[in-house]
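> Residue numbers (the numbering used here): 58 to 415.
Every residue, glycine too, gets a C-beta built ideally from N, C-alpha and C.
Since the model is a prediction, treat every value here as computed from it, not as a measurement.
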Ligand SMILES: *Cc1c(COP(=O)(O)O)cnc(C)c1O
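1. If we count the other Cβ atoms within 10 Å of its Cβ and call it buried at 16 or more, is residue 82 buried or exposed?
2. Should residue 98 be labelled buried (16 or more other beta-carbon atoms within 10 Å of its own) or exposed?
3. Flag this pair as touching only if the segment 371 to 378 and the segment 332 to 343 have three or more C-beta atom pairs under 8 Å; answer yes or no.
4. Using 7 Å as the cut-off, classify the Cβ of residue 336 as near or not near the heavy atoms of ligand 1, replying yes or no.
5. For residue 339 versus residue 357, is the C-beta spacing smaller than 8 Å?
6. Ligand 1 and residue 154: does the residue's C-beta get closer than 7 Å to at least one heavy atom of that ligand?
7. Taking the alpha-carbon of residue 307 as reference, which of 65, 60 and 107 has the nearest alpha-carbon?
8. May I ask you to report which of helix, strand or coil DSSP gives residue 215?
9. Tell me, please, which residues DSSP counts as bridged to residue 151.
10. What distance in whole Å lies between the Cβ atoms of residue 385 and residue 360, which are believed to be in contact at a cut-off of 8 Å?
11. Taking residue 127 as the reference, which of 103, 316, 289 and 355 has the closest Cα?
12. If I follow the unbroken alpha helix (DSSP H) through residue 131, where does it start and stop?
13. Would you decide whether residue 117 is buried or exposed? Buried here means 16 or more other CB atoms lie within 10 Å of its CB.
14. For residue 104, count neighbouring Cβ atoms within 10 angstroms of its own Cβ and tell me buried if that reaches 16, exposed if not.
15. Could you tell me which residues DSSP pairs with residue 246 in its beta bridges?
16. Going by beta-carbon coordinates alone, are residue 390 and residue 64 separated by less than 8 Å?
17. Taking the alpha carbon of residue 124 as the point to measure from, which residue in 137, 110 and 143 has its own alpha carbon closest?
18. What does DSSP give as the partner residue(s) for residue 128 in the beta ladder?
19. What is the rounded straight-line gap between the Cα of residue 119 and the Cα of residue 205?
20. Give every residue of the same chain whose Cβ lies closer than 7 Å to the Cβ of residue 402, excluding the five residues on either side of it in the sequence, and list them in chain order.
21. Of the choices 297, 353 and 408, whose alpha-carbon is the least far from that of residue 75?
22. Measuring only the C-alpha atoms, how far is residue 189 from residue 234?
23. Per DSSP, what kind of secondary structure is residue 207 in: helix, strand or coil?
Given below as structure tokens:
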């Protein structure tokens, strides 16, 4: 049976990419070795990391003012690296609280800097992207941090705040899923494991002047400038994960780039939201204007039915549909690698489940 994987992350990778990695696994190119067995300073891996970077630069239209870095420690380490590198001990940082990961970023920053939450949707159970009132933005703040897609609550920014201060974005769950203007941001970061590769590497796109801002004493491996100055090769980077990012970004280019991928992502999410609107059996708790195109969340009339839904979906070849343990319900994560066919299969299953149980 064909299996469609709706996991939130680590998430499915494009089938073509998995096949290519399999074929190259034991012998990369003419080397006779697997890529993860080769020196990170050798010619083979040098070509791989340079290809990953040039693919990302091309796909996202990144200017020379920005550096592309590969860092370990996940998005969770960025929650600390951002305040450590961008603020002084007496500084202020501003945050928008739009869900679980945004709150985690705020909590971490509080250890290092005075932190102001200028907008939050906590009171409405994170059912929307909170509105930012421009007067709340402090010119004295070192940056404003947002979470562009809220993986657990199924909300997403569809436009970004204009700020006079650097905008820092956790894009872990919608990185390279749509066209964004990188010039609007000071830093964009995200773990690879949702849209662009396996876990183990975090992509950080940073305006070069911000990497120079550091005014504290921090470990070498936590300084952005270490990565910028050494093209992420100060020490051994996660070579296999970066190799996979090169393959996924090759695949994105072959698909026609981010505008083409965005179109497919729109079609997938619109089909699901349309289905959710047609019925009272399934309920999407998110404000329509804040709906995520990556993580579509919904509830059934009871927790028993939700459990049954997840179980029967699994026997029908659809896995990873259980909502995050903190919120329950159902979550269909439909990142770049999920084909339209997977979403159509899910909708057919939703129809027959409702017929039997509605
Ligand atoms: C998954 C996720 C994280 C956590 O990422 P790690 O790489 O596990 O640290 C952070 N932010 C968002 C928006 C996420 O979706």
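In brief:
1. By 1-based counting over the chain shown, the position of residue 82 is 25. Residue burial annotation: residue 82 is exposed, with fewer than 16 other C-beta atoms found within 10 angstroms of its C-beta.
2. Along the chain shown, one-based indexing puts residue 98 at 41. Exposed, since its Cβ has fewer than 16 Cβ neighbours within 10 Å.
3. With the rule of 3 Cβ pairs closer than 8 Å, the segment 371 to 378 does not count as touching the segment 332 to 343.
4. Here residue 336 refers to the residue found at position 279 when the chain shown is read from its first residue. Every heavy atom of ligand 1 is 7 Å or more from the Cβ of residue 336, so no.
5. Residue 339 sits at position 282 when you count from the first residue of the chain shown. Residue 357 sits at position 300 when you count from the first residue of the chain shown. Cβ distance < 8 Å, so residue 339 and residue 357 count as in contact.
6. Your numbering for residue 154 matches position 97 in the chain shown. Judged by the Cβ position, residue 154 fails to qualify as a neighbour of ligand 1 at the 7 Å threshold, every heavy atom of the ligand being at least this far.
7. Counting from one through the chain shown, the residue named residue 307 turns up at place 250. Residue 307 has its Cα closest to that of 107, out of 65, 60 and 107.
8. Along the chain shown, read from residue 1 onward, the residue named residue 215 stands at position 158. Residue 215 carries a coil assignment under DSSP once its states are collapsed to helix, strand and coil.
9. In the chain shown, the residue the question calls residue 151 occupies position 94. Beta-bridge pairing links residue 151 to 173 and 201.
10. Numbered from its first residue, the chain shown carries residue 360 at position 303. Numbered from its first residue, the chain shown carries residue 385 at position 328. So it is a contact: roughly 7 Å between Cβ atoms.
11. Taking the chain shown and counting its residues from 1, the one referred to as residue 127 is at position 70. Ranking the options by Cα distance to residue 127, first place goes to 289.
12. Along the chain shown, read from residue 1 onward, the residue named residue 131 stands at position 74. From DSSP, the alpha helix (DSSP H) with residue 131 extends over 131 to 143.
13. Counted from its first residue, the chain shown places residue 117 at position 60. Here residue 117 is buried, its C-beta having at least 16 other C-beta atoms within 10 Å.
14. Counting from 1 along the chain shown, the entry for residue 104 is found at position 47. Using a 10 angstroms sphere on the CB of residue 104, the tally of other CB atoms stays under 16, which defines it as exposed.
15. Locating residue 246 in the chain shown gives position 189, where the first residue counts as 1. Listed as beta-bridge partners of residue 246 by DSSP are 227 and 261.
16. Indexing the chain shown from 1 puts residue 390 at position 333. Indexing the chain shown from 1 puts residue 64 at position 7. Contact: yes.
17. Reading the chain shown from its first residue, position 67 is the one you call residue 124. Per the Cα distances, 110.
18. To locate residue 128, count along the chain shown from 1; it is residue 71. DSSP lists 259 as partners of residue 128.
19. As a position in the chain shown, residue 119 is number 62, starting the count at 1. As a position in the chain shown, residue 205 is number 148, starting the count at 1. C-alpha separation (whole angstroms): 18 Å.
20. Along the chain shown, one-based indexing puts residue 402 at 345. For residue 402, where only same-chain residues beyond five positions count, the Cβ hits under 7 Å are 61 and 375.
21. In the chain shown, counting from the first residue as 1, residue 75 sits at position 18. Looking at 297, 353 and 408, the one whose alpha-carbon comes closest to that of residue 75 is 297.
22. One-based indexing of the chain shown puts residue 189 at position 132. One-based indexing of the chain shown puts residue 234 at position 177. When rounded, the distance between both Cα atoms is 24 Å.
23. Within the chain shown, the letter at position 150 stands for residue 207. Strand.
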